[in-house]
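First comes the structure, then the notes that go with it.
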Amino acid sequence: MKAEVNIESGRNAAIALLRDWLFRRIDEAARTWFEEQVSLLRSDSGDRALYTAFGLMPRRLGKKSLALSADDAGAAAHCLEGWKPGDWSLVDAGRILLLARLPGSNPDFARRFCALCRTADVAEAISLYRGLPLYPEPAALEPQVGEGLRTNMRSVFEAIAHHNPYPKRYFDTHRWNHMVLKALFIGSGLAPIEGLDERVNDELARILLDFAHERWAADRPVPHELWRCVGGFARGDALEDLARVVCSGTPLERRAAALALSASPDPAAAALLERMPEIAQAIDSGRLTWAELE
Amino acid sequence: MRLGDDDTMKFIDAHAHMISRTTDDYEAMAASGVVAVIEPAFWLGQPRTNVGSYLDYLSTLVGFERFRASQFGIRHYCTVGLNSKEANNEELAEAVMDLIPRFALKEGVVAIGEIGYDEQTPLEDKYFRLQLDLARELDLPVMIHTPHRDKKRGTTRSMDVCIEHGLEPGKVIIDHNNEETVREVLDRGFWAAFSIYPCTKMGNARMVEILRHYGADRIIVDSACDWGISEPLAVAKTAKLALQSGVPEEHVRLACYRNALEAYGQSGQMSEEDWLNPPPIDQRTLYEGNSILRGGRPPVVEARRSARSADDLVIE
Numbered sequence: 013m014k015a016e017v018n019i020e021s022g023r024n025a026a027i028a029l030l031r032d033w034l035f036r037r038i039d040e041a042a043r044t045w046f047e048e049q050v051s052l053l054r055s056d057s058g059d060r061a062l063y064t065a066f067g068l069m070p071r072r073l074g075k076k077s078l079a080l081s082a083d084d085a086g087a088a089a090h091c092l093e094g095w096k097p098g099d100w101s102l103v104d105a106g107r108i109l110l111l112a113r114l115p116g117s118n119p120d121f122a123r124r125f126c127a128l129c130r131t132a133d134v135a136e137a138i139s140l141y142r143g144l145p146l147y148p149e150p151a152a153l154e155p156q157v158g159e160g161l162r163t164n165m166r167s168v169f170e171a172i173a174h175h176n177p178y179p180k181r182y183f184d185t186h187r188w189n190h191m192v193l194k195a196l197f198i199g200s201g202l203a204p205i206e207g208l209d210e211r212v213n214d215e216l217a218r219i220l221l222d223f224a225h226e227r228w229a230a231d232r233p234v235p236h237e238l239w240r241c242v243g244g245f246a247r248g249d250a251l252e253d254l255a256r257v258v259c260s261g262t263p264l265e266r267r268a269a270a271l272a273l274s275a276s277p278d279p280a281a282a283a284l285l286e287r288m289p290e291i292a293q294a295i296d297s298g299r300l301t302w303a304e305l306e
Numbered sequence: 228m229r230l231g232d233d234d235t236m237k238f239i240d241a242h243a244h245m246i247s248r249t250t251d252d253y254e255a256m257a258a259s260g261v262v263a264v265i266e267p268a269f270w271l272g273q274p275r276t277n278v279g280s281y282l283d284y285l286s287t288l289v290g291f292e293r294f295r296a297s298q299f300g301i302r303h304y305c306t307v308g309l310n311s312k313e314a315n316n317e318e319l320a321e322a323v324m325d326l327i328p329r330f331a332l333k334e335g336v337v338a339i340g341e342i343g344y345d346e347q348t349p350l351e352d353k354y355f356r357l358q359l360d361l362a363r364e365l366d367l368p369v370m371i372h373t374p375h376r377d378k379k380r381g382t383t384r385s386m387d388v389c390i391e392h393g394l395e396p397g398k399v400i401i402d403h404n405n406e407e408t409v410r411e412v413l414d415r416g417f418w419a420a421f422s423i424y425p426c427t428k429m430g431n432a433r434m435v436e437i438l439r440h441y442g443a444d445r446i447i448v449d450s451a452c453d454w455g456i457s458e459p460l461a462v463a464k465t466a467k468l469a470l471q472s473g474v475p476e477e478h479v480r481l482a483c484y485r486n487a488l489e490a491y492g493q494s495g496q497m498s499e500e501d502w503l504n505p506p507p508i509d510q511r512t513l514y515e516g517n518s519i520l521r522g523g524r525p526p527v528v529e530a531r532r533s534a535r536s537a538d539d540l541v542i543e
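One line per chain: the protein sequences are A and B, in this order.
Taking the numbering used here, the leading residue of the first sequence gets 13, the next gets one more, and so forth.
Taking the numbering used here, the leading residue of the second sequence gets 228, the next gets one more, and so forth.
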């Protein structure tokens with residue numbers, strides 16, 4: 013219960029912060045217009061007002077980036093763990109703030125969110141999903157977020173998967189695993205996924221090893237980040253796969269394999285690491301981490 | 228002018244139903260110099276039977292198709308509207324009319340359209356007028372589809388109704404013109420667009436004659452390529468033929484690029500900056516990993532080895 017209270021107060025602090033950032037970056041006319049929309053939507057629960065406010069946002073706020081400072085980014089993380097709005101635009105901020113400030117106990121929030129997603133343009137879809145950590149009723153939005161992951165538009169997928177604490181907190185293991193696999197499949201990065209290392213699991217490691225075998229069979233490269241989610245579960249046959257990378261991988265792949273081996277619970281991993289003494293030493297001394305390979 | 232080189236002319240295809248076209252078409256269009264397309268909402272070759280399929284269609288226009296075009300370095304814009312054929316299904320039409328305002332303010336929607344007449348029925352007239360009012364309310368340009376049959380009368384009537392509803396001719400693009408309609412459209416101050424579409428609408432040799440005769444003021448050349456036998460390179464081919472036939476380069480530039488930008492740019496949703504120098508926020512959402520047309524250069528599209536030939540056996 014205490015954790016829930018903390019999340020709620022963190023969410024309110026995040027909303028206040030976002031409003032402050034936005035209002036410092038737009039002019040008086042835009043501020044007035046924005047506040048009018050917030051008031052209007054408190055009394056008018058019809059969809060047309062909401063869609064119009066959404067559609068007018070780029071016209072009223074402009075197309076610039078929110079351009080946060082390092083201090084701003086620190087303040088964001090302080091409010092909500094894993095909240096990283098560094099890539100957000102002014103329009104993202106405006107749309108998300110508008111939704112976050114809809115009447116909090118509104119039981120219709122999930123329905124309205126889904127309807128907005130269903131008719132969203134590309135930029136709207138990105139805003140809608142980037143804002144997930146700030147909305148009321150977050151758990152009720154999960155099926156729609158799962159729908160969002162099915163997109164073919166990489167930028168929309170990344171609005172959910174990257175720099176967003178929502179998946180870590182609300183996805184079950186199945187959803188989580190398929191998000192990670194899809195990220196690799198479409199050539200997107202794993203490092204920006206919040207909670208990547210905390211939510212690794214045996215099943216994900218198996219899925220990713222199968223994926224590596226598929227890629228090898230097709231004579232295609234295996235993304236080096238894959239091994240990050242495999243290492244902690246690498247035993248037996250999985251060590252043979254890692255040995256293959258150690259023997260024939262690119263320098264980047266070999267370092268990734270070494271990091272995976274260093275996380276393996278199988279004692280046999282140590283013998284494989286000894287084949288790469290310099291890399292093993294770099295890992296031991298903390299000079300080589302996954303952050304170095306991003 | 229040499230098509231496909233770095234110093235190639237830039238083109239806008241101001242009427243192209245790209246959801247019906249393949250990626251080969253996008254590649255070929257980009258290679259021919261097309262930097263932007265406008266996709267008007269229309270029917271799909273057969274009628275939609277419920278509003279849900281209309282909703283999904285419109286979201287595809289403002290969503291996935293926009294993204295798909297960007298993969299080839301082409302900026303995609305669209306117009307939204309209830310077309311004249313489907314206006315005759317009153318139940319559908321009523322439901323679609325609730326959707327149009329929801330989509331009209333989306334990013335890249337440059338007009339209400341294509342709307343107008345098909346058989347010139349009372350229902351077509353009703354929904355045409357309602358959409359003209361909406362365009363005026365939202366301050367958006369209008370793209371008019373002139374009918375295939377009884378075209379001359381339908382074109383005149385479309386313009387009469389626009390005036391009756393208080394629209395400025397300068398914000399209305401009358402499309403699918405021919406030799407019989409162009410004079411009146413230009414005389415009344417509307418934009419006159421021509422769809423270079425094989426067999427049915429207009430051929431490009433005829434188009435060149437029109438450019439010679441009328442010049443290029445307020446004239447727009449487009450392909451109207453769709454699910455039928457049509458030509459996605461129609462704008463580039465017409466430009467080339469016009470230049471070879473001695474039409475001044477400036478006129479070609481107006482008819483195949485500049486006029487479309489000026490007419491639809493009145494929406495505030497389309498500007499040269501979009502493809503010449505997109506804001507960074509845009510690059511993140513649409514252009515990630517793609518070539519960007521910095522400095523006015525056309526997109527880098529790799530020369531394809533005869534994409535349509537079965538001799539190119541290996542698929543990787």
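By construction, the Cβ of each residue, glycine as well, lies at the ideal position given by its N, Cα and C atoms.
Asked, Found
"I need the boundaries of the alpha helix (DSSP H) containing ASP214/A, first residue and last residue.", "214 to 229"
"Using a Cβ distance threshold of 8 Å, determine whether the region 474 to 492 of chain B contacts the region 268 to 284 of chain B, with at least three qualifying pairs required.", "no"
"Taking the continuous alpha helix (DSSP H) assigned at GLY279/B, which residues delimit it?", "278 to 289"
"Using beta carbons (cut-off 9 Å, strictly below), is LEU30/A in contact with chain B?", "no"
"Pull up the CB-CB distance for PRO177/A and TRP95/A, whole angstroms please, since I reckon it's below 8 Å.", "6 Å"
"Candidates ASN164/A, ARG23/A and LEU73/A: which alpha carbon is nearest ASP294/B's?", "Looking at the sequence itself, residue 294/B is Phe, so the reference to Asp does not match. Ranking ASN164/A, ARG23/A and LEU73/A by Cα distance to PHE294/B puts ASN164/A first."
"If we ignore side chains and look at the alpha-carbon of each, how far apart do PHE299/B and ALA255/B end up?", "10 Å"
"Could you name the residues of chain B that LEU68/A contacts, counting a contact when the two beta carbons are closer than 7 Å?", "LEU332"
"So GLN496/B and VAL337/B are in contact, right, with Cβ under 8 Å, and what is the actual spacing, rounded?", "5 Å"
"From what residue to what residue does the beta strand (DSSP E) around MET370/B run?", "369 to 372"
"How is PRO267/B classed by DSSP in three states: helix, strand or coil?", "strand"
"Would you mind working out which of ARG363/B, THR250/B and VAL323/B sits nearest LEU282/B, comparing C-alpha positions?", "VAL323/B"
"Could you compute how far the alpha carbon of GLU306/A sits from the alpha carbon of ALA203/A?", "7 Å"
"Taking 9 Å as the CB-CB limit, is ARG293/B close to chain A?", "yes"
"Kindly list, in the order they appear in chain A, the residues whose Cβ is closer than 7 Å to that of THR181/B.", "Past the edges of chain B, shown from 228 to 543, lies residue 181/B, and the structure says nothing about it."
"What is the C-beta distance between ASP240/B and ASP449/B, in whole angstroms, given that I count them as a contact (C-beta under 8 Å)?", "6 Å"
"Step through the CB atoms of chain B and report whether any lies within less than 9 Å of the CB of ASN176/A.", "no"
"Using a C-beta to C-beta distance shorter than 9 Å, which residues of chain A count as neighbours of SER286/B?", "ARG130, THR131, ALA132 and ASP133"
"Give the secondary structure of TYR253/B by DSSP, where H, G and I count as helix, E and B as strand, and everything else as coil.", "helix"
"Curious, which full-length beta strand (DSSP E) runs of at least 3 residues does the region 318 to 381 of chain B contain?", "336 to 343 and 369 to 372"
"Check whether chain A comes within 9 Å of ILE542/B, counting only Cβ atoms and requiring the distance to be less than that.", "no"
"Let me make sure I understand the geometry here. Which of THR383/B, LEU513/B, TYR484/B and PRO505/B has the alpha-carbon closest to that of PHE238/B?", "TYR484/B"
"What is the residue span of the beta strand (DSSP E) that SER422/B lies within?", "418 to 422"
"In angstroms with no decimal places, state the Cα-to-Cα distance between ARG524/B and TYR284/B.", "Bear in mind that the predicted position of ARG524/B carries a pLDDT of just 46, short of 50, making it unreliable; the figure below should be weighed with that in mind. Computed Cα separation, rounded: 32 Å."
"Tell me the rounded alpha-carbon separation between ALA25/A and ARG511/B.", "27 Å"
"Since ALA171/A and MET191/A should fall inside the 8 Å C-beta cutoff, what is the C-beta to C-beta distance between them, to a whole number of angstroms?", "So it is not a contact: roughly 12 Å between Cβ atoms."
"So the alpha helix (DSSP H) HIS190/A belongs to, where does it begin and stop?", "185 to 197"
"Look up SER276/A in the DSSP assignment and say whether it is helix, strand or coil.", "coil"
"Following the continuous alpha helix (DSSP H) through ASP253/A, name the residue where it begins and the one where it ends.", "249 to 260"
"Nearest by alpha-carbon distance to LEU161/A: which of ARG60/A, VAL50/A, ALA283/A and LYS194/A is it?", "LYS194/A"
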